[in-house]
Structure formats: C-alpha cells, structure tokens
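This report concerns only the one structure given below.
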Amino acid sequence: MSRTRRSFTPEFKAEAARRVIDGGRPISEVARELNVHENLLGKWVRAERIRDGVITEGRAAPPDGELSAGERAELVRLRAETAEKDRAIAFLKKVSAYFAAQQHR
1 MSRTRRSFTP
11 EFKAEAARRV
21 IDGGRPISEV
31 ARELNVHENL
41 LGKWVRAERI
51 RDGVITEGRA
61 APPDGELSAG
71 ERAELVRLRA
81 ETAEKDRAIA
91 FLKKVSAYFA
101 AQQHR
C-alpha cells in the first residue's frame, strides 16, 4: 500500500517550530500534538533558529556558559600539557621502580 506524501505550508512549519522555540516545549511533545515525525519537526526548528540568527549553518552560537574561542584554545593547551605531565609521571614511576628493584639485589 502506498501512502500519499503530506506537504506542509511554510506558515505551518514556522508556527510548529515557534511552538517549540517560544513555548520551551520538547520537540517530541509538539510533534505528537501535530502528528508529524520528530525528525521533521526538528528540521523545521533548526531552520527557524537559523532564520532567527540563533545558530549558523555549521554550528550553534555559544549559549551562556559555553566556551569562547580563546577559552577553548586554552582548554586544548591545558589538556595537552596535562597529558604530557601524565606521561612524565608514568615514566618516573617506572624509573623509580627500576632503581628500587636494583637496590635490593
């Protein structure tokens, strides 16, 4: 059995997305209410947020509490530094274990 494909007007899509965005309601709840699939409504919400300038095509704009580019760069640098220090500590543990074993001989 084939099903006919439903089409939605741009106004309907925008209104459905506004119910999620302005109402602060979950996509799943609004999708059930409108009898559309969650993924489809999610695409409409994303498109509406792009129109609003909340997100860009590639990425979301950082909401409050997100890291800025400078903070993100510092985080990457600090993680690399921590990893290097962890490797140094592991090496020193092995060396100290080696010399401790040599003393008992």
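Numbering follows full-length UniProt numbering, in which position 95 of the sequence shown is assigned residue number 95; successive positions increment by one, without gaps. Here a beta-carbon is modelled for each residue, glycine too, at the ideal position from N, C-alpha and C.
Pull up the distance between the alpha-carbon of residue i and that of residue j, whole angstroms please.
| i | j | result |
| --- | --- | --- |
| A83 | N39 | 39 Å |
| R105 | A90 | 24 Å |
| R6 | L34 | 13 Å |
| Y20 | S28 | One detail in the question is off: residue 20 reads as Val in this sequence, not Tyr. In a straight line, the C-alpha of V20 is about 9 Å away from that of S28. |
| R18 | A73 | 35 Å |
| R93 | A100 | The identity of residue 93 in the sequence shown is Lys, whereas the question assumes Arg. If you take the alpha carbons of K93 and A100, they lie about 10 Å apart. |
Spell out the partners DSSP gives residue i in its beta bridges.
| i | result |
| --- | --- |
| I27 | Answer is none; I27 lacks a bridge partner. |
| I21 | Bridge partners of I21: none, in fact. |
What residues in its chain sit with their C-beta under 7 Å from that of residue i, if we drop five residues either side in the sequence?
| i | result |
| --- | --- |
| K13 | W44 |
When you compare each of the options to residue i by their alpha carbons, which one comes out closest?
| i | options | result |
| --- | --- | --- |
| E15 | S96, R6, A47 and R77 | A47 |
| A31 | L41, F99 and V54 | L41 |
Taking only three categories from DSSP, how would you classify residue i?
| i | result |
| --- | --- |
| N35 | coil |
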